[in-house]
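Before any comments, here is the structure.
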């Protein structure tokens, strides 16, 4: 849906905006930090790996880890990217999220 929205805006306004999305699944810690200026922060190896998925991804694609693939594969379609070397992690098998399985998509039209 996010990529569809960006593509729609690009077409409507003649833009060429492209971005990468990286997703990982697992435990994370979150808290409000700071003494004078508060900020909500989230951290863990899960978060770091998601960041690596984004930075090593392809523009206009959603790259996910094997753990996210495993959790979503019953309801979503993927393209295996294969093994890539992830900084600080080593070789990892990653996937591009293509979309929901058609039979599970809600039947509605965008306004």
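In my numbering, the protein residues as written are 2 to 112.
For each residue, glycine too, the CB sits at the ideal point set by N, CA and C.
Residue i and residue j closer than 8 angstroms at C-beta
i          : j          : result
residue 95 : residue 65 : yes
residue 97 : residue 62 : yes
residue 54 : residue 18 : no
residue 29 : residue 7  : no
residue 60 : residue 13 : no
Counted within 10 angstroms of its Cβ, other Cβ atoms place residue i as buried (16 or more) or exposed
i          : result
residue 50 : buried
residue 35 : exposed
residue 41 : exposed
residue 69 : buried
residue 83 : exposed
residue 58 : buried
Run of the alpha helix (DSSP H) containing residue i, from where it starts to where it stops
i          : result
residue 38 : It is not in any alpha helix (DSSP H) - residue 38 carries neither H nor E in the DSSP assignment.
residue 6  : 3–14
residue 51 : 46–56
residue 71 : 67–73
Identified DSSP bridge partners for residue i
i          : result
residue 83 : 95
residue 23 : 64
residue 31 : 43
Extent of the continuous beta strand (DSSP E) run through residue i
i         : result
residue 1 : Any question about residue 1 goes unanswered here, given that the chain covers just 2 to 112.
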